[in-house]
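What follows is one structure encoded as structure tokens, with my remarks underneath.
Numbering (our numbering), first residue to last: 5 to 342.
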């Protein structure tokens, strides 16, 4: 049986612009122009750099903006749809896998939008669609429409993994690596390369917590996976990749491309060594079933999207208060008065 030859992963930062005008609504033709830039980048990643896997940042197709649902719905696309077909055709011509983050709308969820990633194949098809689960945002989180999401896509769509001739691919968006559970779940489903589109405009963490810089190499190490973080071109933080031991790999060859070598067979050999695969040493039988805890609820916004951040913070507050009532968390003491 022949193995998987090492290949190039290109983390791409195309110089796309915002699709939103001064009134906060999408500009005619702006999304099409950004998609044309991305299609060209796919062709050059393969043709000039020999890439087999291309990863675009979060908001690369639209630009980043703190606008509300109406604006994002105006810029959202469907999977499949004409915009994704153009990107798929570029992936087909280049013979690559391409991970593209974009706002997605779906007929089963009227008035809502997801922040989603489509993994396009060398055949030009969307073979994996991932919708962002974690972090507070006015976009719809799949768990907040849990029942309808499962009815529409199936439970496996929460954390999908795509088995390909270049290894198992999984996706996590933005700050989701701050939670270890989803990447561990994908690794246990066969993920060997985790793709992480981000839009870190200043630092990697908007709360400036130093530990956030450790999360991605730690996720790579603890799950024995490659990890590729592609940051938006306007962001100060460079794109970066790590190998299955948490070691930084690759280098930027231009402002647009960071290239690294993915050696799946080396990963598999490392996982096969005694004590080399931390997944094989897991002891789930000694852990508590977290699904029985009163954590973030299913269907928290099943009837309507959250009216604003205050609605989501209210849910988070209720969860913390329930944990405190169970003795699983503790409220801080009152601030001393002067």
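Beta carbons: idealized from backbone N, C-alpha and C, even for Gly.
- Can you tell me which of the three DSSP states residue 183 falls into? Working through the chain shown from its first residue, we reach residue 183 at position 179. In the structure shown, the three-state DSSP call for residue 183 is coil.
- Message: Three or more C-beta pairs under 8 Å: does that hold for the segment 255-270 against the segment 113-120?
- Response: These segments do not touch.
- Message: Please state the DSSP three-state secondary structure of residue 169.
- Response: Here residue 169 corresponds to residue number 165 of the chain shown, with the count starting at 1. The answer is coil: DSSP assigns residue 169 none of H, G, I, E or B.
- Item | Simplified DSSP assignment, three categories, for residue 4 | There is no way to answer for residue 4, as the model of the chain reaches only from 5 to 342.
- Locate the alpha helix (DSSP H) running through residue 51, then write down its first and last residues. In the chain shown, the residue the question calls residue 51 occupies position 47. Run containing residue 51: 34-53, per the alpha helix (DSSP H) assignment.
- Task: Alpha carbon to alpha carbon, how far is residue 136 from residue 247? Give it in angstroms, no decimals.
- Result: Taking the chain shown and counting its residues from 1, the one referred to as residue 247 is at position 243. Taking the chain shown and counting its residues from 1, the one referred to as residue 136 is at position 132. When only Cα atoms are considered, residue 247 and residue 136 end up about 24 Å apart.
- Query: Are residue 81 and residue 41 closer than 9 Å when you measure CB to CB?
  - Reply: Reading the chain shown from its first residue, position 77 is the one you call residue 81. Reading the chain shown from its first residue, position 37 is the one you call residue 41. Contact flag unset, no.
- Query: Which term fits residue 290, buried or exposed, when burial requires 16 or more other beta carbons within 10 angstroms of its beta carbon?
  - Reply: Here residue 290 corresponds to residue number 286 of the chain shown, with the count starting at 1. Exposed, because fewer than 16 other Cβ atoms sit within 10 Å of the Cβ of residue 290.
- Query: Between residue 147 and residue 307, what straight-line distance do the alpha-carbon atoms span, to the nearest angstrom?
  - Reply: Taking the first residue of the chain shown as 1, we reach residue 147 at position 143. Taking the first residue of the chain shown as 1, we reach residue 307 at position 303. Between residue 147 and residue 307, the C-alpha separation is close to 13 Å.
- Query: By a C-beta neighbour count over all protein chains shown, 10 Å radius and 16 as the cutoff for buried, is residue 239 buried or exposed?
  - Reply: For the purposes of this step, residue 239 is taken as the residue at position 235 of the chain shown. Under this definition residue 239 is a buried residue.
- Give a yes or no on whether the C-beta atoms belonging to residue 79 and residue 30 are separated by under 9 Å. Here the question's residue 79 lines up with position 75 in the chain shown. Here the question's residue 30 lines up with position 26 in the chain shown. In contact: residue 79 and residue 30 (Cβ atoms closer than 9 Å).
- Item | Where residue 94 sits in the DSSP three-state scheme | Working through the chain shown from its first residue, we reach residue 94 at position 90. In this structure, residue 94 counts as helix in the three-state DSSP scheme.
- Quick one: complete alpha helix (DSSP H) runs, 4+ long, within the segment 173-237? DSSP runs (the alpha helix (DSSP H)) wholly in the segment 173-237: 184-192, 219-227.
- Beta carbon of residue 168 nearer than 9 Å to that of residue 190: For the purposes of this step, residue 168 is taken as residue 164 along the chain shown, with counting starting at 1. For the purposes of this step, residue 190 is taken as residue 186 along the chain shown, with counting starting at 1. Inclusion of residue 168 and residue 190 in the CB contact set at 9 Å is not warranted, their separation being larger than that value.
- Message: Only counting the same chain, and skipping five residues up and downstream in sequence, which positions put a Cβ closer than 6 Å to that of residue 92?
- Response: Here residue 92 corresponds to residue number 88 of the chain shown, with the count starting at 1. 124, 128, listed in sequence order.
- Return the CA-CA distance between residue 180 and residue 173, expressed in angstroms with no decimal places. Start at 1 with the first residue of the chain shown, and residue 180 comes out as number 176. Start at 1 with the first residue of the chain shown, and residue 173 comes out as number 169. Rounded to the nearest angstrom, the two C-alpha atoms are 16 Å apart.
- Ranges of the beta strand (DSSP E) found wholly within the segment 261-319, counting only runs of at least 3: Restricted to the segment 261-319, the beta strand (DSSP E) segments that are unbroken, complete and at least 3 residues in length are 261-266, listed in chain order.
- Message: I'd like to check one pair, residue 324 with residue 335: are the Cβ atoms closer than 9 Å?
- Response: Position 331 of the chain shown, counted from the first residue, corresponds to residue 335. Position 320 of the chain shown, counted from the first residue, corresponds to residue 324. Closer than 9 Å, so yes.
- Message: Within 10 Å of its beta-carbon, does residue 103 have 16 or more other beta-carbons around it, so buried, or fewer, so exposed?
- Response: Taking the chain shown and counting its residues from 1, the one referred to as residue 103 is at position 99. Under this definition residue 103 is a buried residue.
- In the structure shown, what three-state DSSP assignment does residue 83 receive? Here residue 83 refers to the residue found at position 79 of the chain shown. Residue state, collapsed to three classes: coil.
- Would you kindly report the start and end of the unbroken beta strand (DSSP E) that includes residue 119? Residue 119 sits at position 115 when you count from the first residue of the chain shown. From DSSP, the beta strand (DSSP E) with residue 119 extends over 118-124.
- Task: Sort out for me which residues DSSP pairs residue 108 with in a bridge.
- Result: The residue given as residue 108 occupies position 104 in the chain shown. Beta-bridge partners assigned by DSSP to residue 108: 81, 118.
- Query: Taking the alpha-carbon positions, what's the residue 163 to residue 24 distance?
  - Reply: Working through the chain shown from its first residue, we reach residue 163 at position 159. Working through the chain shown from its first residue, we reach residue 24 at position 20. Straight-line measurement puts the Cα of residue 24 at about 30 Å from the Cα of residue 163.
- Which residue comes first and which comes last in the beta strand (DSSP E) that contains residue 135? Within the chain shown, numbered from 1, the residue matching residue 135 stands at position 131. That run of the beta strand (DSSP E) goes 130-135.
- Should residue 344 go down as buried or exposed, given a rule of 16 or more other Cβ atoms within 10 Å for buried? This structure cannot speak to residue 344, because the chain is shown only from 5 to 342.
- Message: Could you tell me the alpha carbon to alpha carbon distance between residue 141 and residue 257, rounded to whole angstroms?
- Response: Numbered from its first residue, the chain shown carries residue 141 at position 137. Numbered from its first residue, the chain shown carries residue 257 at position 253. Using only the alpha carbons, I get a separation of about 34 Å.
- Assigned secondary structure, residue 328 (DSSP; H/G/I helix, E/B strand, else coil): Residue numbering aside, residue 328 sits at position 324 when the chain shown is read from its first letter. It is helical.
- How far does the beta strand (DSSP E) with residue 11 in it reach, from first residue to last? For the purposes of this step, residue 11 is identified with residue 7 of the chain shown, where counting begins at 1. First-last of the beta strand (DSSP E) with residue 11: 11-16.
- Take the Cβ of residue 212 as the centre, count every other Cβ of all protein chains shown within 10 Å, and call the residue buried at 16 or more, exposed below. Within the chain shown, numbered from 1, the residue matching residue 212 stands at position 208. Exposed is the call here.
- How about the segment 280-290 and the segment 298-305: do they share at least three Cβ pairs that are nearer than 8 Å? No, they do not touch.
- Within the chosen definition, does the segment 212-221 reach the segment 272-280 through at least 3 CB pairs nearer than 8 Å? At 8 Å Cβ cutoff, the stretches do not touch.
- For residue 152, which of 21, 303, 54, 55 has the nearest alpha-carbon? Taking the chain shown and counting its residues from 1, one reaches residue 152 at position 148. Looking at the Cα atoms, 303 is the closest of the given residues.
- Is it the case that the Cβ atoms of residue 3 and residue 73 are separated by a distance below 9 Å? Not covered by the structure: residue 3. The range shown for the chain is 5 to 342.
- Query: In the structure shown, what three-state DSSP assignment does residue 335 receive?
  - Reply: Taking the chain shown and counting its residues from 1, the one referred to as residue 335 is at position 331. It is coil, neither helix nor strand.
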